[in-house]
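Okay, structure first, notes after.
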Amino acid sequence: MREGGDTSSLPPNQLLPPYSRSYWRLGLVKGWHYSALHLFKGKGVVLQLLAWDFCTLEERSISLHSSTMSCQGPVCTNLGLKPGQRLTVKGIIAPNAKSFVMNLGKDSTHLGLHFNPRFDAHGDVNLIVCNSKKMEEWGTEQRETVFPFQKGAPIEITFSINPSDVTVHLPGHQFSFPNRLGLSVFDYFDTHGDFTLRSVSWE
0 MREGGDTSSL
10 PPNQLLPPYS
20 RSYWRLGLVK
30 GWHYSALHLF
40 KGKGVVLQLL
50 AWDFCTLEER
60 SISLHSSTMS
70 CQGPVCTNLG
80 LKPGQRLTVK
90 GIIAPNAKSF
100 VMNLGKDSTH
110 LGLHFNPRFD
120 AHGDVNLIVC
130 NSKKMEEWGT
140 EQRETVFPFQ
150 KGAPIEITFS
160 INPSDVTVHL
170 PGHQFSFPNR
180 LGLSVFDYFD
190 THGDFTLRSV
200 SWE
């Protein structure tokens, strides 16, 4: 809801739709301020941001909170993901994409997985580069040559947390990246680059 709670002057497509099928949906408009929303964390609960209808990722400004998880734009903290759980991300790749990034870890300085599909960036073409980071120190890159991404197309990526690694599930392909930092809980997720976030779900 827009601050102040008055939605009487808003057109129908800018009102908050009701809770339905474990989905919270919110249309976001550039220049508006939004109050915090309370989310229910549990199996099948999805936070879905309908940003593609009203604004781009860079123009969005929103804070979302629960007792255990919070999001600020494309950054989520206190996820509490443990072995046996998974995080699913859906979105649209930009038509002129060069690369995009998804990070998963303890916080922004301790990344258990830096996931970076590159269409044409840093001298790489159609390649997935993965790495880990502790403070400002990067590990050794792991490169995946299977590249199931298309510019301008939707994509769904799932990260499964295992005791010793993270399995990345892509359309028609999956691979694992070792848990080099020995993280028992993955609390942090962010995404940036040539990618518009549509939804994040966890179970």
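Residue numbers for the sequence shown follow numbering that gives the first Met the number 0, so the first one is 0 and each next one is one higher. Don't be surprised by glycine CBs; every beta carbon is placed ideally from N, CA and C.
(message) Taking 7 Å as the threshold (C-beta atoms), are PHE158 and LEU86 in contact?
(response) At a Cβ-Cβ threshold of 7 Å, LEU86 and PHE158 count as neighbours.
(message) Considering Cα atoms alone, identify which of LEU180, PHE146, PRO153 is closest to PRO162.
(response) Of the candidates LEU180, PHE146, PRO153, the residue whose Cα lies closest to the Cα of PRO162 is LEU180.
(request) Look at the alpha carbon of ILE91 and the alpha carbon of ARG142, and state the distance between them as a whole number of angstroms. (result) Their Cα atoms are separated by approximately 23 Å.
(message) Taking the beta carbon of MET101 as the centre, do at least 16 other beta carbons fall within 10 Å, making it buried, or is it exposed?
(response) By the neighbour-count definition (other C-beta atoms within 10 Å, threshold 16), MET101 is a buried residue.
(message) Taking the beta carbon of GLY232 as the centre, do at least 16 other beta carbons fall within 10 Å, making it buried, or is it exposed?
(response) Residue 232 lies beyond the range of the chain shown here (0 to 202); nothing can be said about it.
(request) Pull up the DSSP beta-bridge partners for ALA93, would you. (result) None; ALA93 has no bridge partner.
(message) Do ILE156 and VAL199 have their beta-carbon atoms positioned less than 7 Å apart in this structure?
(response) Remark: C-beta atoms of VAL199 and ILE156 do not approach each other more closely than 7 Å.
(message) Could you check whether the Cβ of GLY151 sits closer than 6 Å to any heavy atom belonging to the ligand SAM?
(response) Looking for the ligand SAM in the displayed structure turns up nothing, as the structure carries no ligands at all.
(message) Cutting at 6 Å between CB atoms, please list the residues of its own chain near VAL74, excluding the five before and the five after it.
(response) Closer than 6 Å at the Cβ level, and outside the excluded window around VAL74, lie ASP189.
(message) According to DSSP, PRO177 sits in a beta bridge with which residue or residues?
(response) According to DSSP, PRO177 bridges with ASP164.
(message) At the level of alpha carbons, what is the spacing between SER98 and SER183?
(response) Each residue's CA atom was taken as its position, placing SER98 and SER183 some 29 Å apart.
(message) Rounded to the nearest angstrom, what separates SER205 and HIS172 at their Cα positions?
(response) Past the boundaries of the shown model lies residue 205; the chain is included only from 0 to 202, so the question cannot be answered.
(request) Select from ASP193, PHE118, ASN178, GLY122 the residue whose C-alpha is nearest the C-alpha of LYS133. (result) Taking each of ASP193, PHE118, ASN178, GLY122 in turn and checking the Cα distance to LYS133, the smallest one comes out for ASN178.
(message) Starting from GLY192, trace the beta strand (DSSP E) in both directions and tell me its first and last residue.
(response) From DSSP, the beta strand (DSSP E) with GLY192 extends over 187 to 192.
(message) By alpha-carbon positions, which one of ASP193, ARG197, TRP201 ends up nearest to ALA120?
(response) A check of alpha carbon separations from ALA120 across ASP193, ARG197, TRP201 identifies ASP193 as the nearest.
(message) By the three-class DSSP mapping on this structure, what secondary structure does VAL128 have?
(response) If DSSP states are grouped into helix, strand and coil, VAL128 belongs with the strands.
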